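According to the working numbering, the stretch in the sequence shown is residues 4 to 393, in order.
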Amino acid sequence: MSSFHRDTWVEVDLDGIYENVQALQRYVTEDVSIIAVVKANAYGHGDAQVAKVALEAGAKYLAVSFLDEAIALREQGIKAPILVLGASRVSDIGLAAKENITLTVFQKEWLEEAESVYKENQPIRLHLKLDTGMGRIGARTKKEAVEIVSYIKSCDRFSLEGVYTHFATADELQSTYIETQFERFSGLLKEIKQLHPISMIHCGNSATALRFPGRVFNAVRVGIAMYGLTPSPEMTPILPFPLSEAFSLCTKLVHVKKLDLGESVSYGATYTTKKEEWIGTVPVGYADGWTRKLQGMNVLVDGKLAPIVGRVCMDQFMIKLPYELPLGTVVTLIGKQGDLQISSNDIAEKLETINYEIPCMISYRVPRMFLRNKSIMEVRNYLQDKPILE
Ligand SMILES: *Cc1c(COP(=O)(O)O)cnc(C)c1O
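Here it is in structure tokens:
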């Protein structure tokens, strides 16, 4: 177990993630495979730890954005199939094949270049990405899709395992746009299936899986719901089952003092006490991802709400305590204390962004503590990872 030497840490509730994956699996039925999306270090939670627990809970496949993320999982002993959702360099195909990593294809030019560069016998496993309205990556027309599939068919170094698309508005209750995307996807699939059998077909993220469980073909790519967060505030009232939020951020009081009336706190002296007040300092700041815009947000201390007073500094900020509290008292920035909870949703609302961004923005300077079967299973200090030297 690695250690850390500061009083700020993230707690990742792997039991919650396990339950969320199992609940999703029951909901979409056993006929639909769960692809656990663990890109961006599992949305800031910890890639290998989340991948392992998701696989234990029944996920059949993993997905990441970039080849580096897939290789990091292999280096941590993950053997399950991994799909890279983003674009990969043709020059890296050999590496992907060697590590048994599935790549996304969406351009015929990429295949042509790949064929001229890649000379090994190990076939490259591919999923074809179709752009049905997201406008990000993907083949858009029947002509493009048919050309790609025909090309793959003609070359035995390529193996087409899957076809997929991604919806732009799955988390909005208005369904017109997603229905158009469903229709385009079905039309393109029909053409493709006439040319080549496809063993995995997937169109759904968390929101799609939760809203249209019967229309997701035979696999779903689940990210945010696995971490216990609702894809959008609109969807909160229609969630078919409860989700368990896995990410907490905690720190401890490192300094406690009583200030007289009229004394100021932090850079710019933007906060001045209105009477005698107990002020606590915590060792976490914007360099940990706790941005300056969170001035005024509440934290939890001794089971009560306490506001952040004065500007958030790079490594520390101050809170107004309800009363004198001992040094070392736990302060919860995200998570529960007693009956109160500060959710990533609350932080997102304050920052006028989406909940996805909140665990992602907590930097790797903050160690991750993994809880499994209600006890500490592992602690990961990203700062102490050995640098990679060539
Ligand atoms: C990130 C991502 C997902 C997961 O989306 P959630 O809304 O987190 O479930 C699925 N598919 C693709 C292509 C993605 O990029």
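We put the beta carbon where it would ideally sit given N, CA and C, even for glycine. Remember, predicted model here, so these are calculated numbers, not experimental data.
- Among Leu58, Asn103, Glu59 and Leu133, which residue has its Cα nearest to the Cα of Ala394? Limits of the chain in this structure are 4 at one end and 393 at the other, which puts residue 394 out of reach.
- Lys323 classed as buried or exposed, judged by whether at least 16 other C-beta atoms fall within 10 angstroms: buried
- Message: Given the structure, does Val302 come close to ligand 1, in the sense that its CB is under 7 angstroms from one of the ligand's heavy atoms?
- Response: no
- Top-ranked residue by Cα proximity to Gln319, from Lys307, Pro325 and Leu336: Leu336
- Query: DSSP puts Thr335 in a beta bridge; with which residues?
  - Reply: Cys253 and Leu303
- Message: Using the three-state DSSP reduction, which class does Ser378 fall into: helix, strand or coil?
- Response: strand
- Within 7 angstroms: the Cβ of His8 and any heavy atom of ligand 1? no
- Message: To the nearest angstrom, how far is the alpha carbon of Tyr21 from that of Trp12?
- Response: 21 angstroms
- Give, in chain order, every unbroken run of the beta strand (DSSP E) that is at least 3 residues long and sits entirely within the region 155-185. 161-168
- Query: Mapping DSSP to helix, strand and coil, what is Val287?
  - Reply: coil
- Other residues of its chain near Glu425: CB distance less than 6 angstroms, five sequence neighbours each side excluded: Residue coverage of the chain in this structure runs from 4 to 393, which leaves residue 425 outside it and unanswerable.
- Look at the alpha carbon of Leu105 and the alpha carbon of Ser189, and state the distance between them as a whole number of angstroms. The sequence shown places Thr at residue 105, not Leu. If I take the Cα positions, the gap works out to 23 angstroms.
- Query: Does DSSP classify Phe215 as helix, strand or coil?
  - Reply: coil
- Neighbourhood of Ile365 by C-beta distance below 7 angstroms, restricted to the same chain and skipping five residues each side: Val13, Gly47, Leu252, Asp291 and Gly292
- Query: For Lys353, which residues from the same chain have a beta carbon less than 7 angstroms from its beta carbon, with the 5 sequence-adjacent residues on both sides left out?
  - Reply: Leu297 and Met300
- For His130, which beta-bridge partners are listed by DSSP? Thr107 and Gly165
- In terms of DSSP beta bridges, what is Trp12 paired with? Cys253
- Query: In whole angstroms, what separates the C-alpha of Met4 from that of Asp388?
  - Reply: With a pLDDT of 46 at Met4, under the threshold of 50, the predicted position of this residue should be treated as unreliable, and no value is reported.
- Message: Report the CB separation of Tyr64 from Ser91 in whole angstroms; it is logged as a contact under 8 angstroms.
- Response: That belief does not hold up - the Cβ atoms of Tyr64 and Ser91 are roughly 17 angstroms apart, past 8 angstroms.
- Query: Using the beta carbon as the reference atom, which residues fall closer than 7 angstroms to any heavy atom of ligand 1, ordered along the chain?
  - Reply: Val40, Lys42, Ala66, Ser68, Leu88, His169, Asn208, Ser209, Ala210, Arg224, Val225, Gly226, Ile227, Ala228, Pro234 and Tyr359
- Task: Using the Cα positions of Ile350 and Tyr367, report the straight-line distance between them to the nearest angstrom.
- Result: 19 angstroms
- Item | Phe373 beta carbon less than 8 angstroms from that of Val120 | no
- Query: Below 8 angstroms, can you find three or more Cβ-Cβ pairs linking the region 193-200 to the region 142-149?
  - Reply: yes
- Message: Can you tell me where the alpha helix (DSSP H) holding Lys353 begins and where it ends?
- Response: Ser347 to Lys353
- Message: Would the region 21-32 count as touching the region 239-252 if we require 3 or more Cβ pairs under 8 angstroms?
- Response: yes
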